[in-house]
Structure formats: C-alpha cells, structure tokens
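Below: the structure, in structure tokens.
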Ligand SMILES: [Zn+2]
C-alpha cells in the first residue's frame with residue numbers, strides 16, 4: 053500500500069487505526085506498511101500515546117454542593133455595586149495609568165538625582181569643590197526637577213478627589 057501520510061484522506065486511516073475503528077483486513081494491511089515505514093510508525097506511536105493519556109486522565113470528582121457553592125461565590129464576588137460601577141471602570145483605569153507611568157519616572161528621577169553623590173568626589177570639603185560639579189550633573193538634576201514638577205501637576209489634575 054501507499055504511505056497513508058502522503059495523502060490527507062489516507063491519514064484518516066492512521067487515525068482510525070489508533071482509535072481501533074478499522075476493519076481487521078485494513079488493520080493488517082496498515083500494520084504491514086507501518087512495519088516498513090518509519091514516519092507512519094512514529095505517527096501511530098504518537099497517536100497511541102495521546103489516547104493512552106486521555107484514557108488515563110480522570111476528572112476530579114465534583115462535590116455534592118458544588119453548584120450551590122459556585123452560585124454563592126458568583127453572588128458575593130459580582131455584587132450590585134460592581135455591576136453598577138463597571139461602565140466607569142475603563143475611565144478610572146485610564147486615569148491611573150499616567151500616574152503609574154509618572155511613578156516610574158519618579159523612581160528614575162530618584163536614581164538620576166542620587167547618581168552625583170555616588171560619583172567619587174575629592175575628600176576635602178572646601179569651597180573650591182563647588183566649581184568641580186560637572187555640568188551634566190546639573191543638567192540631570194534640572195531634568196529630574198522638571199519631571200517631578202510635571203508629575204505633581206499631573207497628580208493634581210488627575211485626582212481632584214485627593215484634595216480634601
Ligand atoms: Zn507510511
């Protein structure tokens with residue numbers, strides 16, 4: 053016989069073979085082919101493994117009060133105010149997103165602000181040290197202050213309820 057894997061309709065033959073749906077003469081012919089065809093042998097073995105796994109699988113038994121417990125849980129978790137507030141939820145989410153983004157920037161600003169203290173400075177602390185501050189350090193600090201400023205402005209405009 054020709055290799056069943058080469059045509060789509062004959063591949064069904066292999067599937068039927070795996071599920072024991074084939075006539076005995078077809079099984080004999082297919083097994084003769086499988087004996088000489090590595091691809092079909094692999095396919096049949098894979099199918100058998102899947103079916104064995106499915107046979108071995110057992111769903112966990114459902115307890116007697118499963119339904120009542122499920123409905124109780126649905127009732128408590130989806131309360132009336134949850135349903136009432138649902139249409140407004142995307143708005144509150146959208147509002148909180150910039151705040152989250154700004155919080156990330158704030159952390160970054162903190163890292164930038166901290167960096168100049170990390171850089172090695174000469175030990176004697178006299179007035180000449182003021183001149184040794186690098187221009188990019190000042191720039192970083194100014195950037196960070198700008199970000200902080202923008203952040204506090206956004207927080208003020210985004211959350212009018214927080215002003216109590
Ligand atoms: Zn084959």
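Residue numbers (my numbering): 53 to 216. Quick reminder that beta carbons are idealized off the backbone N, C-alpha and C, glycines included.
- Taking all protein chains in view, the Cβ of residue 118 is surrounded by fewer than 16 other Cβ atoms within 10 Å, so the residue is classified as exposed.
- If the five residues before and after residue 69 are omitted, its C-beta is found closer than 6 Å to the C-beta atoms of 82, all from its own chain and listed in chain order.
- Separation of residue 162 and residue 186 (C-alpha to C-alpha, rounded to the nearest whole angstrom) is 18 Å.
- In terms of CA proximity to residue 159, 199 leads the group 122, 199, 190, 188.
- Secondary structure at residue 114: coil, using DSSP grouped into helix, strand and coil.
- Taking one beta carbon from each stretch, the region 61-77 and the region 89-99 have 3 or more pairs nearer than 8 Å; the two touch.
- Taken through DSSP and simplified to helix, strand or coil, residue 186 comes out as coil.
- Straight across, the Cα-Cα distance linking residue 188 with residue 195 is about 10 Å.
- With at least 16 other beta carbons inside 10 angstroms of its own, residue 56 counts as buried.
- Shown here, residue 109 sits in coil according to DSSP, grouped into three states, outside any helix or strand.
- Cβ contact annotation for residue 62 (same chain, cutoff 6 Å, sequence separation greater than five): 56, in chain order.
- Distance from the CA atom of residue 53 to the CA atom of residue 75, rounded to whole angstroms, is 16 Å.
- In this structure, the beta-carbon distance from residue 59 to residue 103 does not fall below 9 Å.
- Taken atom to atom, the span from the alpha-carbon of residue 91 to that of residue 112 is near 36 Å.
- Closer than 8 Å to some heavy atom of ligand 1: that does not describe the Cβ of residue 76.
- In the three-state reduction of the DSSP assignment, residue 197 falls in the helix class.
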